[in-house]
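Student: One structure, as structure tokens, below. Some questions next.
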Amino acid sequence: MATLDLLDRLFIFAAFTYQIVLTVHFAMRKWRFETAIHYGWIVYALSIPAVLLSVAQWAGGKPWYFWLAGVLYLAWASLGYVVEYVYRIEWRVPIFWPIFGPYVLFFLATSMFYWWPLARFSWWLWGIFTVLYVIATILNITSHTPAQDSTGHAPPASPARL
Numbered sequence: 016m017a018t019l020d021l022l023d024r025l026f027i028f029a030a031f032t033y034q035i036v037l038t039v040h041f042a043m044r045k046w047r048f049e050t051a052i053h054y055g056w057i058v059y060a061l062s063i064p065a066v067l068l069s070v071a072q073w074a075g076g077k078p079w080y081f082w083l084a085g086v087l088y089l090a091w092a093s094l095g096y097v098v099e100y101v102y103r104i105e106w107r108v109p110i111f112w113p114i115f116g117p118y119v120l121f122f123l124a125t126s127m128f129y130w131w132p133l134a135r136f137s138w139w140l141w142g143i144f145t146v147l148y149v150i151a152t153i154l155n156i157t158s159h160t161p162a163q164d165s166t167g168h169a170p171p172a173s174p175a176r177l
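Mapped onto my numbering, the consecutive letters of the sequence shown carry residue numbers 16 to 177.
Structure (structure tokens):
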């Protein structure tokens with residue numbers, strides 16, 4: 016890894032920053048929901064330096080599979096921010112497919128394009144990211160379980176839609 020240039024090192028930093036921030040956010044969402052919602056916009060805001068890195072990678076002649084991650088991150092974050100913080104649409108429970116589909120597609124694509132290119136640098140980096148991805152995925156899935164009232168039932172879903 017000593018032969019990595021600055022853009023390679025920044026990509027590795029960005030990939031792990033993205034995954035660690037998601038892991039922490041999903042853990043907070045699971046155990047400190049209100050705090051996660053209060054600071055969740057930061058997850059989306061980090062797409063701005065990520066896309067700036069993508070522009071630098073593109074300008075620096077890096078292959079598309081390196082710079083695409085930041086572009087996808089900005090697309091996912093833009094959608095997420097508008098839906099969750101501007102319009103405050105409840106789209107997860109029950110699932111509102113017109114938002115769920117693109118949101119999950121951009122989220123998974125962003126994760127994959129930060130994850131898979133790491134193998135070109137080091138299988139160790141790829142493996143460590145894999146462990147973080149699995150932990151974040153478990154936390155993410157389990158953090159979306161609807162809260163239950165004292166009778167053990169989920170409260171009625173918000174009717175907010177586009």
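Beta carbons: idealized from backbone N, C-alpha and C, even for Gly.
Taking the straight line between their C-alpha atoms, what separation do you get for residue 20 and residue 77?
Tutor: As a first step, residue 20 must be located in the sequence shown, where it is residue number 5. As a first step, residue 77 must be located in the sequence shown, where it is residue number 62. If you take the alpha carbons of residue 20 and residue 77, they lie about 11 Å apart.
Student: Check whether the segment 87-98 touches the segment 37-50, taking contact to mean three or more Cβ pairs, one atom from each stretch, closer than 8 Å.
Tutor: Contact between the segment 87-98 and the segment 37-50 is absent, because fewer than three Cβ pairs lie under 8 Å.
Student: Within the segment 101-146, note down every full alpha helix (DSSP H) run reaching 4 residues or more, in order along the chain.
Tutor: Runs found: 112-130.
Student: How many Å lie between residue 74 and residue 90 at the Cα?
Tutor: Position 59 of the sequence shown, counting from 1, holds the residue named residue 74. Position 75 of the sequence shown, counting from 1, holds the residue named residue 90. Using only the alpha carbons, I get a separation of about 20 Å.
Student: Taking the alpha helix (DSSP H) that residue 45 belongs to, which residues open and close that run?
Tutor: By 1-based counting over the sequence shown, the position of residue 45 is 30. Its alpha helix (DSSP H) spans residues 21-46.
Student: Measure the Cβ-Cβ separation of residue 123 and residue 42 and say whether it is below 9 Å.
Tutor: Stepping through the sequence shown from its first residue, residue 123 is reached at position 108. Stepping through the sequence shown from its first residue, residue 42 is reached at position 27. No, the Cβ-Cβ distance between residue 123 and residue 42 is not below 9 Å.
Student: Using three-state DSSP, classify residue 159 as helix, strand or coil.
Tutor: The residue given as residue 159 occupies position 144 in the sequence shown. Correct three-state label for residue 159: coil.
Student: So what does DSSP say about residue 75, is it helix, strand or coil?
Tutor: Numbered from its first residue, the sequence shown carries residue 75 at position 60. In the structure shown, residue 75 sits in coil (DSSP, three-state: anything other than H, G, I, E or B).
Student: Considering only their Cβ atoms, is the gap separating residue 100 from residue 138 smaller than 9 Å?
Tutor: For the purposes of this step, residue 138 is identified with residue 123 of the sequence shown, where counting begins at 1. For the purposes of this step, residue 100 is identified with residue 85 of the sequence shown, where counting begins at 1. No, these two residues do not count as a Cβ contact at 9 Å.
Student: Count the other C-beta atoms from every protein chain shown that fall within 10 angstroms of the C-beta of residue 102, then say buried if there are 16 or more, exposed otherwise.
Tutor: Residue mapping note: residue 102 aligns to position 87 of the sequence shown, counting from 1. Counting Cβ neighbours within 10 Å, residue 102 comes out exposed, since fewer than 16 surround it.
Student: What does the alpha-carbon distance come out to for the pair residue 11 and residue 71?
Tutor: Any property of residue 11 remains undetermined from this structure, which presents the chain solely from 16 to 177.
Student: Could you say which of 39, 145, 23 and 27 lies nearest to residue 52 if we only look at CA atoms?
Tutor: Along the sequence shown, one-based indexing puts residue 52 at 37. The residue with the shortest Cα to Cα distance from residue 52 is 39.
Student: CA-CA distance, residue 37 and residue 61?
Tutor: The sequence position of residue 37 within the sequence shown is 22, counting from 1. The sequence position of residue 61 within the sequence shown is 46, counting from 1. One C-alpha to the other measures close to 11 Å.
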